[in-house]
Each structure stands twice: as structure tokens, then as C-alpha cells.
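These protein sequence lines are chains A and B, in that order.
Residue numbering for the first sequence follows the numbering used here, starting at 1 and increasing by one per position.
Residue numbering for the second sequence follows the numbering used here, starting at 255 and increasing by one per position.
Where is the CB? At the ideal position from N, CA and C, for every residue including glycine.
All values derive from a computational prediction rather than experimental measurement.
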Amino acid sequence: MLGTSATSGTTARCSCDCKCSNYIFWLGLDSSYIFLLVRSAVRAQANPAYVSELLAAHRCRGQRELIISRTCWSECFSSQAPLTQVMPSLTISDLLPALLEQDDAGYEFAVPSEVDVDGREVHLDSGERSIAHVLERQAQHGDCPILVLDDEDAFDALFHRVVTGHSSILPVNSLAFVRKLFDCGAFEEVDVVRICDHVRDDLGGDRQAFMSSRKRVRKQRSLDELLTHVGSTLAERPTGTPSRPALRIGGAVE
Amino acid sequence: MTDDHPSAVARVQMAYRVRQALAHQESDVLVTVVHSGDVLSGQDESETSNGDFIVTALDLRVRLLLLVGQASDRLRAQDNLVRAQKLLWSNPDTFACVLVADDDDLTCDVVDSNEFSSRRSSSERSHAMQGPLESTLRSFLQPFALTWDAPALLSRNLVLNLPEVAALCAQQALAERHSSRSPIPERSRARRELDSRDADRAAELALRIIAGEVELSSSERYSR
């Protein structure tokens, strides 16, 4: 049940029409996006239950399947820097109910590791390639899944593959999808602010050394636009709606 | 909170206040939030800011740039003016950029596209171009946003007499039925047999629907 625990801002206001994924009921999550959710939860000193609720909020009350590839799953739990290093109390069982792990055999041959995007060679890592491959298989059954990821370069590469007719999965950037979740009511402003604060820290912290200026500018702009949208939406809500910035934003998580 | 990266809360709160301040503009002034990327359209590649809000009055477009965490003395700072200039260059559809400071009044400064070309000094600038956001923007847009007098018809105290209108409409519908032809004999006969009692019943039904006493299903709507 979303939204009623003390640890979460997520609510049951979700409009339950899968509008946030353009009425598509298959949603692929790259490990970069799951790391983003977990890191933002850690930044807010939340517990694993909050991460579970954030993931559950993506499911449109169970109507939508969240897909993760086996490679992404092992990146989350068996890599050199797993999620448990980010949030020690997190276990596989916290994520497992929400995510549907799928076999990704053969992704090395199906999705290239380098994509030429308008003269720029963009690298796709194994996690991105594997989840793209899994979703491609889904697309062959007639569905056109969406892939949420937190990497602008990977977004460019996968989007380029769609434009050139090599793929039919639609990539969407993490912040763009968070905006849609906020619009449909699955995420509250506190959830958005926590995620944005984490992204902001990344932009100003040590990790920015690994980010190109192009990526940083785009990320910063997406961040600003999302937060402005949240503030503007809150101002347009009728008076008396409980979620006002003064009440809900800035408070401790627990 | 640093100047370069103000906290997420600070931006949300400032956007909230700005949106509230803009809510009281004239009714033909539209306010939208800038959004440059979407699932299907991909992301805008340009590296300059497109601003935070767009205010449109008729075909005049003004973009607001929120200076989150910055006081009003930073409005004429060189780096902010450069940002405004870049915004105007990369968005030629925009007439002016409004820099908004993060203070209680949301003090703003309207930087129009003529400013950079004419090299006006700050002393030559109009006072109407600076001040609290709400009043400054209103006075800036006043020459462009037309205000219309209410149509004379609105000032008349017209009262719709529903029973009278319903009866009139029913009579007209009855006349229409009588005059229409049908190749099906049964239907022609049924139309001919319609009389003023049917018109009265139709008028009564219409009034009950308006009063919310009767609700027709879509199939009934068509069959009747």
C-alpha cells in the first residue's frame, strides 16, 4: 500500500491509467535508475521499505510490469559496488516483489556496444545493452516498452537506434520519467525533491569529474525544469490541498 | 546551499511563489513552464538555458529566468546579464528576458532584446522595467495585452424562460417531423400521427432532464 507509511511521500493519488508511460504496460529499468532511487533514499536517510515503495509506485497499482535484465540485476547486487554498499540494510527481497527479472542471453550480439550518434561515438555498457535486448524481445510480441535510464549518453544512443529504425524501445531519461510520475500522482513532491537533491549533489560533487560538460548541462537543465514544474504545479493546486511546499518539503524523512 | 547549486527545495519554493505572483496577470496572458524534453521528442541539444517560465501576451513572448538563492543586487551582475543575452539569442521568438531575484518581492529586471543592441546605460532604463515581479510584468505587458470592454449583451439582465423555450423547441421539432418524408410507410404514418400532446411530453421531458430528475442512457438518447 502506497503513501501511508511514515517513511514515504508516495501516495495513492496515482491516476492508474499508465499515462506516465504513454499507456505502455512494460517498463524496463536500467540499473543506473535503480541506483538513483536507492541513493536518493539514502540521502534522505530512508529505509529499504521506502525504496520498495518508490519502485511499487512505478507499477501503476500493479497494472504495469517492471522489467530488469539479469545483467542489470547482477550489477545491482553482485558487482564491485553493489546496492548493498550504498544502502547496507537493503536486501534482494526489498526489490524483488516489484521487479521482473528476465533472461538476457545473446545481448552481446543483438545490441552494439558503440553507437554512432551524429558523428559522436557513444558507448553502451553491458547493463544498458542487456535491458535493451530484453525489451526488444518484448517488442516482438507487439508491445512497445519504455526504458528508463539515468545516463544521457545511453539515452542518445538508444534514441538514435529508434530514429534509425534499429530498435522500437523508447528510452526516457530518469528525470523526465520522474516528472511524469509526479504529474500522474504516483510520486509526491517530497519524492521528487529527494531525487533532485541527490542529482544536484552529483552535479556539484566528486562524481562530476566523470561527467562531460555536455551531460552536466543537460542534467542541470532537466533538473531545473523539473523543479520549476513541481513548484508551479503546487501553486496551481486548489487551496486546501494538503501537499504544500511549506508543509511537505524540507522535513525529515523519518 | 551553494550559489551554483541551490537546493531543490529552494527552487521549488521560488517557482511556487513566482507562479502565484503570475496568477494575477490579465486573463489573456498565458503562463507556461519551460519544458525542453519528452519521451518521444528526445532532448533539446542546445546548451543554453531556455528560461524557467514563458509568459505570452498575444504574440509577444517573454521568458523568466529564476535566480534561485540570489538577492536583487545580483540582477545586473555581469554573469546574469550574459545568461539573459544568451537566452535571447538562442530563443529568437522571445522579446524579453525577465531576471527574477529570490527575495520577498521577487524583484525582477526586464532585459529586452533592444537593450544589448542599443547599449543603453542603466540610468537610461525605464523604472517600469524593474521592481516587484507582479506589478512590473503587468506594466510591461500593458501596452501589448489588450483589454476588452464587456459586450453590451452581457450587461443586459437576460433571463432564460426555460419552459417557454422548451415548448417552442418542441413545437419546432414537431413541425420538422411533420414536414420530413420517409420511404418507409410505417415511419411516415407515425410521423403524421404526432400531435401537440407529443410536443408537450417532449418539452416536459427536456425540463426534467435539465432539472436532473431524469438521466438518459446513450442508447435512449439516440432512440428518442
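- When DSSP states are grouped into helix, strand and coil, R70/A belongs to the helix group.
- Excluding the 5 residues flanking it on each side, H229/A has same chain C-beta neighbours closer than 7 Å at R179, in chain order.
- In this structure, the straight-line span from the alpha carbon of Y107/A to that of S69/A is close to 10 Å.
- When Cβ pairs closer than 8 Å are counted between the two stretches, the region 439-454 of chain B is seen not to touch the region 395-409 of chain B, the count staying below three.
- Of R317/B, A420/B and L353/B, the smallest CA-CA separation from D333/B is found for L353/B.
- Look at the region 54-73 of chain A: it has no residue with a C-beta under 8 Å from a C-beta of chain B.
- In this model, V217/A and L412/B are separated by some 59 Å (Cα to Cα).
- Note that the C-beta distance between F307/B and V285/B is below 9 Å.
- Interface annotation, R39/A: not in contact with chain B, CB-CB separation never under 9 Å.
- Chain-order list of chain A residues neighbouring R328/B: empty, with the shortest C-beta distance near 17 Å, by a criterion of under 9 Å.
- No Cβ-Cβ contact shorter than 9 Å links T361/B with L319/B.
- Interface flag for S344/B against chain A is unset, since no Cβ pair is found closer than 9 Å.
- By the C-beta density criterion, I464/B is exposed, having fewer than 16 other C-beta atoms within 10 angstroms.
- Within its own chain, the residues whose Cβ lies closer than 8 Å to the Cβ of R43/A, once the five positions on either side in sequence are excluded, are R194, D197, H198 and D201, listed in chain order.
- Below the 8 Å Cβ cutoff, chain A contributes A235 as neighbours of Q274/B, in chain order.
- In the DSSP annotation of this structure, the continuous segment of the beta strand (DSSP E) that includes I308/B starts and ends at F307 to A311.
- Residues of chain B with a Cβ closer than 9 Å to the Cβ of E75/A do not exist; the shortest Cβ-Cβ separation is about 24 Å.
- Of the other Cβ atoms in all chains shown, fewer than 16 fall within 10 Å of the Cβ of L312/B; this residue is therefore exposed.
- In the assembly as shown, H160/A is a buried residue. Its beta-carbon has 16 or more other beta-carbons within 10 Å.
- If you look at A355/B, you'll find it isn't in any alpha helix (DSSP H); it sits in the beta strand (DSSP E) that goes A350 to A355.
- It is roughly 11 Å from the alpha-carbon of S167/A to the alpha-carbon of A157/A.
- Around the Cβ of I67/A, a 10 Å sphere holds 16 or more other Cβ atoms; the residue is buried.
- Residues of the region 139-153 of chain A whose Cβ lies closer than 9 Å to any Cβ of chain B, in chain order: I146 and E152.
- Here A355/B is buried: its Cβ has 16 or more other Cβ atoms, across all protein chains shown, within 10 Å.
- Burial check for E225/A: the Cβ neighbour count within 10 Å reaches 16 or more, so the residue is buried.
- Counting only residues of its own chain and dropping the five nearest sequence neighbours on each side, D347/B has a CB closer than 7 Å to the CB of R315.
- Separation of L428/B and P417/B (C-alpha to C-alpha, rounded to the nearest whole angstrom) is 16 Å.
- Chain A places a beta carbon closer than 9 Å to that of R265/B, counting this residue as a contact.
- Sequence-ordered contacts of the region 308-324 of chain B with chain A read L320 [C-beta pairs closer than 8 Å].
- Only exposed fits R451/B, as fewer than 16 other CB atoms lie within 10 angstroms of its CB.
- Among the CB atoms of chain B, one or more fall inside 9 Å of the CB of L223/A.
- One finds S261 and A262 in chain B with Cβ atoms closer than 7 Å to the Cβ of D197/A, taken in chain order.
- Remark: C-beta atoms of S32/A and D151/A approach each other more closely than 9 Å.
- A distance of 9 Å or more separates the beta carbons of Q279/B and L459/B.
- Bounds of any beta strand (DSSP E) do not take in D191/A; it lies within the alpha helix (DSSP H) bounded by E189 to G204.
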